[in-house]
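The opening position of the sequence shown corresponds to residue 1 in full-length UniProt numbering, with each subsequent residue numbered one higher. For every residue, glycine included, the Cβ atom is placed at its ideal position computed from N, Cα and C. The structure appears right after this line, and notes come after that.
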Amino acid sequence: MFKRKPRVPFDSFTPLVKLPKVSDYWVYVNQLKRQMHKAVQDKIHQEQQKMKIRYDNSRPNIHFHPGDLVWLHREGLNQNEIQIIGPYIISKQLGPQTFELEDSQGQHLRLAHSNQLKLFYSDEFD
Numbered sequence: 001m002f003k004r005k006p007r008v009p010f011d012s013f014t015p016l017v018k019l020p021k022v023s024d025y026w027v028y029v030n031q032l033k034r035q036m037h038k039a040v041q042d043k044i045h046q047e048q049q050k051m052k053i054r055y056d057n058s059r060p061n062i063h064f065h066p067g068d069l070v071w072l073h074r075e076g077l078n079q080n081e082i083q084i085i086g087p088y089i090i091s092k093q094l095g096p097q098t099f100e101l102e103d104s105q106g107q108h109l110r111l112a113h114s115n116q117l118k119l120f121y122s123d124e125f126d
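Structural data, given as C-alpha cells:
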C-alpha cells in the first residue's frame, strides 16, 4: 500500500550510505599525493628549462684564452671606489668559465669567473 516494508524492532539495520574503510582512504590519499608531487616536479623542471634558455639567449658568448688582457670588475664596493681594475693577464683556464689571473709582473692575483671579466683593448689604456 505505501510501498514500504514494515520493520520490526528485531530487524537488522542496513545503512543507506557505504563508507570506505579508513585504510582504503589512506591509500587513495597517498596515491593522490604522489601524483601531485610528480606533477609539481615536472612543472618546476619545465620552468627551469625555460628560464635557462632565456638566460642563455641574453648572455653574451665571450671566450677568453690564456694570454688575453682583461679588466676585472669588483663587486660589492662603495660607489666612490674603483669598480673596474686591471688590466690583468689570463694565465690559466681552470674550468669552462673560471680563469686564473696574474698582474703584469707575473704574480698570481686571483681566480675570476668570466662574468667578472671584460676584454681589454689597447686603445683604452694610456
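Opening and closing residue of the beta strand (DSSP E) in which residue i lies
{"i": "H108", "result": "108-113"}
{"i": "E102", "result": "98-102"}
{"i": "P87", "result": "84-93"}
{"i": "K118", "result": "117-119"}
Where residue i sits in the DSSP three-state scheme
{"i": "S23", "result": "helix"}
{"i": "V8", "result": "coil"}
{"i": "L32", "result": "helix"}
{"i": "H65", "result": "coil"}
{"i": "V40", "result": "helix"}
{"i": "N80", "result": "coil"}
{"i": "K50", "result": "helix"}
Bridge-paired residues (DSSP) for residue i
{"i": "L72", "result": "I85, L117"}
Status (buried if at least 16 other CB within 10 Å, exposed otherwise) for residue i
{"i": "residue 128", "result": "The displayed coordinates of the chain run from 1 to 126. Any statement about residue 128 would go beyond what the structure contains."}
{"i": "A112", "result": "buried"}
{"i": "G86", "result": "buried"}
{"i": "L117", "result": "buried"}
{"i": "Y88", "result": "buried"}
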